[in-house]
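Heads up, the thing below is written out as structure tokens.
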Amino acid sequence: MNSIAIYPGSFDPPTNGHIDLVLRSSRLFEKVVVAILRNTTKKCLLSVEERVQLLKECTKDIPNVEVDAFDGLLVDYARVRGAKHIVRGIRALTDFEYEFQIALLNRRLASDIETIFFMPKEEHVYLSSKLVREVALLGGNLDNFVPKPVSLYLDKKIKDFLRFYDTEG
Ligand code: PNS
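Start counting at 1 in the sequence shown, then tack on 92, and there's your number in the numbering used here.
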């Protein structure tokens, strides 16, 4: 497909499943913009800047991928970027209702922008940022779940936090 696609999300943190999806979409589109939502009401483990840096590091070998952050409506951002496609992943039936709702809502807002769904590699189907955050905060090994730069970064961040907590307490 000869065009630009936006792959939006929270990416808190980026997982192996996210990178698999970036790779799959990069084979189909001329350019893929991985776009991190800024104005989220969710409490995040990583700042937007940290997520941008990590995603850049994890996708540095895929030449047609760009990493950015956005505010406001996704379809407005897609228009600004000249994108005609939104990319999302569906892991299991549990994702379907939420994704179906977002995709139809976005189509109502912008009928010229199409959402395309990708299925991740089977081994990533159970992965989610939420579970990775939980494992990270409880000191579990992240090597099978996130790319190396992310596991190193999270490991250090959590150790620094615990050290600070220790000295303050
Ligand atoms: O990784 P997430 O948190 O499931 O991603 C959700 C995201 C960023 C795709 C969605 O919340 C979004 O597009 N937000 C931007 C605001 C918007 O356009 N809302 C209307 C469609 S949900």
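For glycine and all other residues, C-beta sits at the position ideal for the given N, C-alpha and C.
Going by DSSP, H110 is part of no beta strand (DSSP E) but of the alpha helix (DSSP H) stretching over 108 to 120. It is roughly 11 angstroms from the alpha-carbon of K248 to the alpha-carbon of P241.
Distances taken from the Cβ of N108 to the heavy atoms of the ligand PNS include none shorter than 7 angstroms. N236 has its Cβ no nearer than 7 angstroms to any heavy atom of the ligand PNS. Taking the CA atoms as reference points, E158 sits about 17 angstroms from P239. Here the segment 219 to 238 does not lie against the segment 119 to 133, with fewer than 3 beta-carbon pairs under 8 angstroms apart. Taking C-alpha positions only, L246 is separated from D204 by approximately 39 angstroms.
At the C-beta level, V124 and V114 come within 8 angstroms of one another.
In the three-state reduction of the DSSP assignment, T207 falls in the strand class, which pools E and B.
Residue side-chain check: S203 keeps its Cβ at 7 angstroms or more from all non-hydrogen atoms of the ligand PNS.
Remark: the C-beta of V179 is outside contact range of the ligand PNS, defined as less than 7 angstroms to any heavy atom. The beta carbons of G101 and P212 sit no closer together than 8 angstroms. In the structure shown, Y99 adopts extended strand secondary structure according to DSSP, grouped into three states. About 6 angstroms separates the CB atoms of S221 and T107; that is less than 8 angstroms, so the two are in contact. Between the ligand PNS and the CB of V167, the shortest heavy atom gap is smaller than 7 angstroms.
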